[in-house]
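Residue numbers (the numbering used here): 7 to 444. All residues carry an ideal CB built from backbone N, CA and C; glycine is no exception. The structure appears below as structure tokens.
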């Protein structure tokens, strides 16, 4: 299925269908493929006639061709998408000026309207009371195939009373799914020239090619769900803004309050607190022993002056006091260097040297290092368990054609499948409505 264009022969003769069919066979060697029958019905909204209801008259058209059926609704009070863009961006409209949707099965719309008692009535042009309502318009003709590139549909336009209102031609060019003109008015010399060549050479023939601008197609084929999905994809691809510094600080403080300050191994705590105790004991011993040392020195000097010097004699008072090993044995070793001695007091001799004996970190026992490593591992595991589990992000909203091996989906501008039939139905309805036949 490809691009489709429509042309009108307004003053066609009664044998106009035979003339065009003969021209297609002789000039293009066309082959007849079947019959072409289209029925169009018009419904009017009766909601304005209800008490307390004010509104414009809405029109609804049903287009049926074979197994395909479409409904076109015109609402003068609704905005088109192009006009909606100029209005407030947050306005949400459930429908627009033109809304065309497929219907299945074709004859189910009338039953649905009767069951729902919808405020729609079908226009009756039979003229007499008691007559059943008939289709407003009928197109009856033939379908031809020209080679492998063209499909031509030709039919007479017949009103409800049987009046002939010219002919309608529709040419479908299969290799081309879409045709966009530089001017945007929908006209194409290629398609228009081919349609003109199908008409017989008759004097005073009134023909016209139907052109629908691209802006009209944008309004008719607008899909709200597709537009919202496109906006979500564009928003997802944009870089996310960074959080302000105040927010980051508040998050960091909340994490700190929840997890608490980092724990310190017991060995390190003892190492940090023990030097202060050793320093205090050292200072206390030095201050207590200082007066005794002075008194011993004075007594020794007096004895030296009174008594003659003798060999191998030693006064008990000159023996320095024994160091206090009870306090030093209870305190663990420390790697912190001792404070510098005070010059105002004499040194305590061997007392200070025995107090400051400690092992450097390189000479610590392997068991202590292994205990510290195991404690650090336990702390890391506890911190990981305290952290809340973050759920994975939700999957992105991807369309059906997500696999790279799948072909790209047809756009709303391509005349493919149901989209081609929908565009063809709108083109025919718009053509006949512009002439006042609907």
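Counterpart residues of residue i in DSSP-defined beta bridges
i	result
residue 199	BP columns for residue 199 are empty, so no partner.
residue 156	152 and 179
residue 162	146 and 173
residue 26	Note: residue 26 sits in no beta bridge, so no partner.
residue 108	76
residue 37	151
residue 14	174 and 214
residue 388	DSSP lists no partner for residue 388.
residue 19	DSSP, once it has assigned bridges, lists no residue as partnering residue 19.
residue 67	48 and 78
residue 43	146
residue 126	51
Under 9 Å between C-beta atoms of residue i and residue j
i	j	result
residue 205	residue 26	yes
residue 144	residue 43	yes
residue 431	residue 110	no
residue 215	residue 14	yes
residue 167	residue 146	no
residue 226	residue 39	no
residue 104	residue 78	yes
residue 41	residue 148	yes
Expected contact under 8 Å - CB spacing of residue i and residue j to nearest Å
i	j	result
residue 426	residue 68	Between residue 68 and residue 426 the Cβ distance is about 19 Å, and since that is not below 8 Å, they are no contact.
residue 49	residue 128	5 Å
residue 36	residue 30	4 Å
Same chain, Cβ closer than 6 Å to residue i, five either side skipped, listed in chain order
i	result
residue 277	Low per-residue confidence applies at residue 277: pLDDT is 44, beneath 50, and the placement is therefore not dependable, though the value from the model is reported in the following sentence. Same-chain partners within the cutoff: there are none.
residue 2	Outside the displayed span of the chain (7 to 444) sits residue 2, for which this structure offers no information.
residue 158	150 and 177
residue 436	none
residue 34	152
residue 212	16 and 17
residue 325	With a pLDDT of only 49 at residue 325, under the threshold of 50, the placement of this residue in the model should not be trusted, and no figure is reported.
residue 12	176, 216, 433 and 437
residue 112	70 and 75
residue 348	The predicted model places residue 348 with a pLDDT of 49, which falls under 50 and marks its position as unreliable; any figure quoted below should be read in that light. Nothing meets the Cβ criterion.
8 Å CB neighbourhood of residue i in its chain, flanking five on each side removed
i	result
residue 155	179, 180 and 181
residue 52	125, 126 and 127
residue 384	none
residue 444	46, 48, 67, 142, 143, 435 and 438
residue 170	18, 20, 162, 163 and 164
residue 120	none
residue 115	68, 75, 77 and 109
residue 244	none
residue 136	Per-residue confidence for residue 136 stands at a pLDDT of 40, beneath the threshold of 50, marking its modelled position as unreliable; the derived number appears in the next sentence. Cβ within range, chain order: n/a, list empty.
CB contact check: residue i to chain B, cutoff 9 Å
i	result
residue 37	Any reference to chain B falls outside this structure, which holds one protein chain only.
Chain-order list of residues whose beta-carbon lies under 7 Å from that of residue i (same chain, five-residue window excluded)
i	result
residue 8	178, 179, 180, 181, 182, 183 and 421
residue 80	64, 65, 103 and 104
residue 441	none
residue 200	177
residue 134	Caution applies to residue 134, whose pLDDT of 43 falls short of 50 and renders its modelled position unreliable; the value that the coordinates give is listed next. None.
Residue i Cβ short of 8 Å to the ligand GTP heavy atom set
i	result
residue 162	You won't find the ligand GTP in this model; it holds no ligand whatsoever.
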